[in-house]
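Participant: Just so you know, the protein sequences line up as chains A and B, in that order.
The opening position of the first sequence corresponds to residue 1 in full-length UniProt numbering, with each subsequent residue numbered one higher.
The opening position of the second sequence corresponds to residue 1 in full-length UniProt numbering, with each subsequent residue numbered one higher.
Ideal placement from N, C-alpha and C gives every residue a C-beta, glycine not left out.
2 protein chains.
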Amino acid sequence: MKITVVGLGVIGGSFVKALKGKGYEVYGVDKDVDTLNRAKEDGCIIEGFVDGEEIIPETDLTIICLYPSLVLDFIKNAHFKSGSVVSDAVGIKSYFIEQALEMIPDDVEYISVHPMAGREKKGYAYASADVFKNANFIIIQHETNDEQKIKKMQLLAGKLGFRSVKIMSPYEHDEIISYTSQLPHVMAVALMNSDTQKYDTGKYIGDSFRDLTRIANINEDLWTELFLNNKRYLLSSIRHFEKQLDIMKKAIYDDDDETLKECFRESTRRREHL
Amino acid sequence: MKITVVGLGVIGGSFVKALKGKGYEVYGVDKDVDTLNRAKEDGCIIEGFVDGEEIIPETDLTIICLYPSLVLDFIKNAHFKSGSVVSDAVGIKSYFIEQALEMIPDDVEYISVHPMAGREKKGYAYASADVFKNANFIIIQHETNDEQKIKKMQLLAGKLGFRSVKIMSPYEHDEIISYTSQLPHVMAVALMNSDTQKYDTGKYIGDSFRDLTRIANINEDLWTELFLNNKRYLLSSIRHFEKQLDIMKKAIYDDDDETLKECFRESTRRREHL
């Protein structure tokens, strides 16, 4: 089976690294020749291409790991093999999946996925098979999907090292992701930017601040696109968070130790359950 | 030099573990005999005591690692050696330091410290010298402190593995800590509790959510005390955070990609500077 990964950045690069030695014929497409050469030297791809013209028509599974806005462009211009599967790894789904489906020929299966793994840094150099180990994987199922092909994708995710594979609709995906992924990014950025900078902050932090703000180092183009195209769910998640923040703020203001303790007990119970 | 650590929980236990092999005579006080026996078996203390009656009057440096509310009780009832230094590791300082100073005899030096290191879990079993490695250490200086003794404390912190040692007033300490430590805990608890629980959340999270909510597993008695006794600074830090959250919320609502990108560029710059 021929797999081609399009875009060997941090996610696409991790795909080819995790696919290495798993018995697939893996190819890479990237506009950067140095990246292609490195991936070939690493033994992660058989051959690299600066565009998909030659390799995509022969590919059984195409995984497009480009910026969201570029995924549709790529699909529009590609000639996919009849009976093949095309996938993407974009962080939100509903806003473009209908458009993608319209462009995909009837004899090609479109199965969007979301590997819940990443790095703050961009590029192949930061890609690693390790980021997929024991991570969560989501497969987006729409009405026209073939059950057998969904199952094959599920098996592949297991082979890549993912611990959990969930199947859901694009809308469900975007709702839960607005809470588990987008809201934490909003919080980290707001925390970092709310520093009054009166002190040399780095000298007064512990692990919690370091952990929490790691994702405040953020790819501005990618995340702006992800936020604005999921605004309904994201704004709702922010509102839920603000409600809880208000409860704690009021308890602190009122010296209401019982409410505070109840908040802590609840969060501890939930975190341990996780 | 005789050092006695009072309370061999996660912080006190880390102190005796980090002091091991550094050339001091180290003793432990804890109401739990099993904990004292374990610390002795580990070679971290020469002897353990269930109260301070016998050992404190002979101790050159007493480090009190009890809950904030118990520190003052301990000081009130202890008989400190003339010329000795007494310290505590409480997470906020201004609300009790004046009371502590009133109880401390004139021939005893009180130097409050804050090792910016911890664990979510309680107890000696989770203590480790590693948590101090490369961490930040704060020494609280008040008007009556002896410069030489402050310097000795600074040297000790270096020996324990801390990378940075800062000296500041109790008020400065409580202000910066409300931002770097207390606000992240408020955020983590609010995030955890804002889950609508419509989905099996654990299957849809990545590292960022895991990192961010680790401290939502929180010691309710300790943190309620720390929050309520630092409410002025903490509420101010929450307000600064809410302002930044509002800026991002408005930008998302208005599809204002330029403002969002500006927020991301600023947080990235600040995080990299850290």
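1. Cβ of ASP257 (chain B) less than 8 Å from any chain A Cβ?
2. Tell me whether HIS185 (chain A) sits in a helix, a strand or coil according to DSSP, three-state version.
3. Which of the three DSSP states is assigned to ASN136 (chain B) in this structure?
4. Between the stretch 165-177 of chain A and the stretch 89-97 of chain A, do at least 3 Cβ pairs fall closer than 8 Å?
5. With distances taken Cα to Cα, identify the nearest neighbour of ILE3 (chain B) among B:SER14, B:TYR204, B:VAL50, B:LEU19.
6. What residue range does the beta strand (DSSP E) around SER84 (chain B) cover?
7. Just the Cα atoms here: how many angstroms apart are ALA129 (chain A) and LYS17 (chain A)?
8. Over what stretch of residues does the beta strand (DSSP E) that includes THR62 (chain B) continue unbroken?
9. Would you tell me roughly how many angstroms separate the C-alpha atoms of ASN230 (chain B) and GLY202 (chain B), rounded to the nearest one?
10. Examine chain B for any beta-carbon lying closer than 8 Å to the beta-carbon of VAL186 (chain A), and answer yes or no.
11. If we cut at 8 Å on Cβ distances, does PHE227 (chain A) have a partner in chain B?
12. Using a Cβ-Cβ cut-off of 8 Å, state whether LYS231 (chain B) counts as contacting chain A.
13. Taking C-beta pairs closer than 7 Å, name the residues in chain A that ARG271 (chain B) reaches, listed in chain order.
14. Taking DSSP as the reference, what is the three-state secondary structure of HIS173 (chain A)?
15. Considering only the beta carbon of each residue, do LEU191 (chain B) and MET187 (chain A) sit closer than 8 Å?
16. Could you tell me whether the stretch 81-88 of chain A touches the stretch 58-72 of chain A, using the rule of 3 or more Cβ pairs below 8 Å?
17. Who are the Cβ neighbours of ALA117 (chain A) in its own chain at under 6 Å, not counting the five residues just before and after it?
18. Can you give me the Cβ contacts of LEU101 (chain B) inside the same chain, cut-off strictly under 8 Å, excluding the 5 residues immediately before and after it?
19. Which residue marks the beginning of the alpha helix (DSSP H) containing PHE209 (chain A), and which one marks its end?
20. What residues of chain A sit near GLY202 (chain B), judged by a beta carbon separation below 7 Å?
21. Under 6 Å Cβ to Cβ from ILE11 (chain A), same chain only, skipping five residues before and after it: list those, please.
22. By DSSP, does MET168 (chain B) sit in helix, in strand, or in coil?
Facilitator: In short, the structure shows the following:
1. yes
2. helix
3. strand
4. yes
5. B:LEU19
6. Segment: none, SER84 (chain B) is in no beta strand (DSSP E) and carries neither H nor E.
7. 5 Å
8. 61-64
9. 33 Å
10. yes
11. yes
12. yes
13. MET192, THR213, ALA216, ASN217
14. helix
15. yes
16. yes
17. VAL131, PHE132, ALA135
18. TYR110, HIS142, THR144
19. 207-213
20. LEU274
21. CYS65, ALA89
22. strand
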